[in-house]
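Taking mature numbering (1 follows the signal peptide of the UniProt record, and there is no 0), I'd label the letters of the sequence shown as residues -23 to -1, 1 to 792.
Heads up, the thing below is written out as structure tokens.
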Amino acid sequence: MFKKIGFLLLTFLIYQHTVFAQAIPREVTVLDSGWLFMKGEIEDASALKTNESGWEKVSIPHDWAITGDFNKNNDAQEVKVIEDGESKLTKKVGRTGGLPFEGVGWYRKHLGISEKDKNKTINIEFDGAMSHAQIFLNGKFVGEWPYGYSSFAFDITKYINFSGDNVLAVRLKNFWESSRWYPGAGIYRNVRLVKTNPIHIEHWGTFVQTPLVTREKATLKIETSIKNPRNSIIQLVTKVYDKDNLQVATTQSIDSSGKRKIVQQLNINKPNLWTAATPQLYYAQTSVYANNILLDEYKTPFGIRKIEFKPSQGMLVNGVKTKLKGVCMHSDLGPLGMAINKAALRYRLNLLKEMGCNAIRGTHNPQAPELLELCDEMGFYFIAEAFDEWKNPKLKNGYHLLFDDWAKKDLEAMILRNRNHPSVIMYSIGNEIREQGSKDGYKVAQYLTDICHQTDSTRPTTAAFNNWDAAIKNGLANAVDIPGWNYKPQFYAKIHKDYPNWVVYGSETVSTVSSRGAYELPAEPAQMKTRANNQSSSYDLEYCSWSQLPDMEWQSQDKNDFVAGEFVWTGFDYLGEPTPYGSIWPSKSSYFGIIDLAGIPKDRYFLYQSKWSAKKVLHVLPHWNWEGKEGQIVPVYVYTNYPSAELFINGKSYGKKTFDKSNLLDTYRLRWENAVYQPGELKVIAYDKNGNIADKQIIKTAGKPAKIVLSTDKTDLKPDGKDLAFVTVSVTDKDGNLCPLANNLVNFKINGAGNLKAVGNGNPASLEPFEASFRKAFYGKCMAIVQSAKKDGPINIIAESEGLNSASIKIQTSN
Ligand code: GAL
């Protein structure tokens, strides 16, 4: 016994003074190019050798359905949506976007593996594949993972031919009536080939916890799971670096027991604490040695922060009370479909950040790892949600078919992958699950909560309840740590009073509907309002039978300061669920977004910005082109956080307005209901608290469409074949005023070091393709999404339209 300790000590001392020899530690290759794809059931598709001539060359991430034609028969669903208060079956069209995602699709990829990899362990990692993935190597079945949103990995070592070709084949199969929104189709997230030595850190094998966090000192507890098949003597060295790459702590351990999990503890003095406002990250570099040879190295980014939830205060971050100003986000990226793209996510998060949003609920399924990375880096609190359905079906082919066999594996996969992200504040085990209505539902809730706690005891569980009283009565609410309430601002006070130990928050709020730029008169609150043009009004007064206006939610939150905050449904429009036009084609995408499907903010964006952000905001609506309405009332609204503002129409004052809490709609907006339309100029002057002029906005009646104006979010792109620029196209009159009703067809020409990836205009009722060189303007605007090539150089983007002066813009692609 003593001998062994002595030996270990000696090894340890030698180790400390030795320059280590190097084996090749971990090699990670992102498998993004050189894939072949074929739609349909194909004989021999998984075989090592097959006729590949008819296969399409694709790159991954790939969504095979996003370029397909919209058709109302694609996934038309006869359903009774009890969550929406429906009592009979209705036919829903466009509920999943009207795109052809159903059926089987095959992918093949020749892998670069050679004799020199002979002693390696080789894993294949998928961030997500939609859906029912079956993985084959050289014709042999490796494994399967049906839930299309889960990340998973397989050890493929034993199937590999080290002296010849190796073919990875993936079979996917999607079903109609399996989703309530567009799920996409294909290998839509990244895939990696990971080569390690037999002794290596396991997949998702590090867990960095911060049991003690103060401004003076933080204690880290780091668990590392190591595969050590022969119980070799290994040395585990962990070094912690701050955001400037300075090493701030280190520790080492020796193990020869073959113990899978090694726990280390480190202290960091005066840590840079992570919050959404100050997203300062650290990373742990974990190195595994045996015989002084570096065998594996792995980086784990993490943050040091303490999140607490208190019933009377809501959320505290590092001791500071912090309101959740959140939005819900589905996984599709609008015109780009489901194929994950980090630049697109960054574009979205930049807009949300600018609006004052500080939190995201990833609905209603595990999200791409890139989203969590960006939440860590850019600063957003994140709710990681696993399911929209348990055993009790919402859809014929929904998750209930998988629940018994897969729920535990899917939930564990989500948590193991996400547990090091400082952004993650809670795990949601479900959204509006129908078990709320069943007596034994709480047992399922408890089962899932237990899995979460066993996998990560540092975070609370939540679930989003719409059937609030049933969820309480049936014990589901009590079976999660923090029950979330969907669309229940009217009950926040009651729930808090009846259950003083519960933290209260709006897991899903508002579901107000609007179409960017579509101002419809009369401007008045309405529920489930439909029109012949399939649009909802941008006066932001229309909502659903089960939902609210932002004003209603805020009134309750402002009265009930214990509420931890909210997650608005939704930050961006998404493909599918075109409420209130759920049965009315050609609506195929949602109206719920604060930002439209193309990524252009709607008016509501500025309403949220005025409430959520510290920035000064002055936003005026509607447009001032109301031909035929001369002399008639056209209400003017102002979204602002200045205390007062005055409206002038063609120089005539309509008076100063301040916020008026005695009327809900005047509490958060300034409204001139008596404004009379005459063409000319609408001017709003904002005053500060001392009554001094602080800001001014002018909207002019635009003349005829005369030219195109382009603006881009970025002028420099990385030459990686992935980076994106979002080029907004505006149709203006000769003086540059936006033509707010223009629907001109715009044609794009792109040359140089990039290509046109997709187009959009935010019109939920447009069936124009996303992959095209043209797009009609929708209320004066559309979007061209431009992607860099894998080379340096300029990209020229030219936009033309008949009868308009064309425009061009140059973007540089360079390292
Ligand atoms: C909720 C549901 C969301 C979405 C929303 C629309 O009930 O959780 O997924 O359907 O309604 O208002």
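Ideal Cβ positions, reconstructed from N, Cα and C, are used throughout, including at glycine.
Exercise for the section: Have a look at the DSSP bridge pairing and note the partners of residue 761. Expected result: The partner list for residue 761 (beta bridge, DSSP) reads 704, 736.
Practice task
Answer yes or no: the CB of residue 569 versus the heavy atoms of the ligand GAL, is any distance below 7 Å?
Solution key: Yes, the Cβ of residue 569 comes within 7 Å of a heavy atom of the ligand GAL.
Problem - Cα-Cα separation between residue 604 and residue 556, rounded to whole angstroms - result: So the alpha carbons of these two residues sit roughly 30 Å apart.
Problem - Segment limits, alpha helix (DSSP H) that includes residue 529 - result: That run of the alpha helix (DSSP H) goes 527 to 536.
Practice task
Please state whether DSSP places residue 148 in a helix, a strand or coil.
Solution key: In this structure, residue 148 counts as strand in the three-state DSSP scheme.
Exercise for the section: Closer than 6 Å by C-beta to residue 225: which residues in its own chain qualify, once you throw out the five before and the five after it? Chain order, please. Expected result: So the list reads 217, 219, 245, once near-sequence residues are dropped.
Problem - Three-way DSSP call (helix, strand, coil) for residue 1 in this model - result: The three-state secondary structure of residue 1, taken from DSSP, is coil.
Problem - residue 524 beta carbon near the ligand GDP (any heavy atom closer than 7 Å) - result: Among the ligands modelled here, namely the ligand GAL, the ligand GDP does not occur.
Exercise for the section: Compute the distance between the beta-carbons of residue 361 and residue 388, then report whether it is under 8 Å. Expected result: No.
Problem - Start and end residues, alpha helix (DSSP H) containing residue 331 - result: Secondary structure note for residue 331: its alpha helix (DSSP H) is the uninterrupted segment 319 to 332.
Exercise for the section: Name the two residues that bound the continuous alpha helix (DSSP H) containing residue 448. Expected result: From DSSP, the alpha helix (DSSP H) with residue 448 extends over 445 to 450.
Exercise for the section: Please confirm whether residue 421 and residue 291 have their CB atoms less than 8 Å apart. Expected result: No, Cβ-Cβ distance for residue 421 and residue 291 is not below 8 Å.
Handout entry: Among 701, 78, 743, 677, nearest to residue 712 - alpha-carbon criterion
Key = For the residues 701, 78, 743, 677, the minimum Cα distance to residue 712 belongs to 677.
Exercise for the section: Between the Cα of residue 142 and those of 63, 412, 90, 692, spot the shortest distance and give me the residue it belongs to. Expected result: Proximity to residue 142 across 63, 412, 90, 692 peaks at 90, based on C-alpha coordinates.
Handout entry: Buried versus exposed, by CB contacts within 10 Å (16 or more), residue 512
Key = The C-beta of residue 512 has 16 or more other C-beta atoms within 10 Å across all chains shown, which makes the residue buried.
Problem - Run of the alpha helix (DSSP H) containing residue 429, from where it starts to where it stops - result: Here the alpha helix (DSSP H) through residue 429 covers 418 to 432.
Exercise for the section: For residue 314, I'd like the list of residues in its chain whose CB is within less than 6 Å of its CB, leaving aside the five on either flank, ordered along the chain. Expected result: The answer, listed in chain order, is 40, 43, 161.
Practice task
May I have the straight-line CA-CA distance separating residue 409 from residue 520, to the nearest angstrom?
Solution key: Their Cα atoms are separated by approximately 19 Å.
Problem - Short CB-CB distance (under 8 Å) between residue 212 and chain D - result: In summary, chain D is missing from the structure at hand, where a single protein chain is found.
Handout entry: Residue closest to residue 60, alpha-carbon to alpha-carbon, out of 643, 523, 431
Key = Put simply, of 643, 523, 431 the residue whose alpha carbon is nearest the alpha carbon of residue 60 is 523.
Problem - beta-carbon residue 581 near the ligand GAL non-hydrogen atom, thresh 7 Å - result: Taking 7 Å as the cut-off, the C-beta of residue 581 does not count as close to any heavy atom of the ligand GAL.
Handout entry: Beta-carbon gap between residue 621 and residue 634 smaller than 8 Å
Key = Yes, Cβ-Cβ distance for residue 621 and residue 634 is below 8 Å.
Exercise for the section: Give the DSSP bridge partners of residue 755, in chain order. Expected result: Residue pairing by DSSP places residue 755 opposite 758 in a beta bridge.
Exercise for the section: Assign residue 207 to buried or exposed, taking buried as 16 or more other Cβ atoms, counted over all protein chains shown, within 10 Å of its Cβ. Expected result: With fewer than 16 other beta carbons inside 10 angstroms of its own, residue 207 counts as exposed.
Handout entry: CB contact flag (residue 400, residue 352, <8 Å)
Key = The answer is yes: Cβ separation under 8 Å.
Exercise for the section: Helix, strand or coil for residue 352, going by three-state DSSP, please let me know. Expected result: Three-state DSSP puts residue 352 in a helix.
Exercise for the section: Classify residue 640 as buried or exposed, calling it buried when 16 or more other Cβ atoms lie within 10 Å of its own Cβ. Expected result: With fewer than 16 other Cβ atoms within 10 Å, it is exposed.
Practice task
Kindly examine the ligand GAL and report whether one of its heavy atoms sits closer than 7 Å to the Cβ of residue 157.
Solution key: Distance from the C-beta of residue 157 to the nearest heavy atom of the ligand GAL is below 7 Å.
Exercise for the section: Please name the residue in 643, 619, 656, 690 whose C-alpha comes closest to that of residue 798. Expected result: No answer is possible for residue 798: the residues shown for the chain start at -23 and end at 792.
Exercise for the section: Return yes when at least one heavy atom of the ligand GAL lies under 7 Å from the C-beta of residue 488, else no. Expected result: Because some heavy atom of the ligand GAL lies under 7 Å away, the Cβ of residue 488 counts as near it: yes.
Exercise for the section: Can you tell me which of 567, 600, 417, 411 puts its alpha carbon nearest to the alpha carbon of residue 498? Expected result: Residue 600 is the option with its Cα nearest to residue 498.
Handout entry: Range of the contiguous alpha helix (DSSP H) that encloses residue 655
Key = Per DSSP, residue 655 belongs to no alpha helix (DSSP H) and is neither H nor E.
Handout entry: As assigned by DSSP and simplified to three states, the class of residue 589
Key = Helix.
Problem - Contained beta strand (DSSP E) runs [length at least 3] in the segment 449 to 515, N- to C-terminal order - result: For the segment 449 to 515, whole beta strand (DSSP E) runs of length 3 or above, ordered along the chain, are 459 to 463, 482 to 487.
Problem - Coil, strand or helix - residue 392 by DSSP - result: In this structure, residue 392 counts as helix in the three-state DSSP scheme.
Problem - Own chain partners of residue 777 with C-beta closer than 6 Å, once the 5 adjacent residues on each side are dropped - result: Excluding the 5 residues flanking it on each side, residue 777 has same chain C-beta neighbours closer than 6 Å at 724, 783, in chain order.
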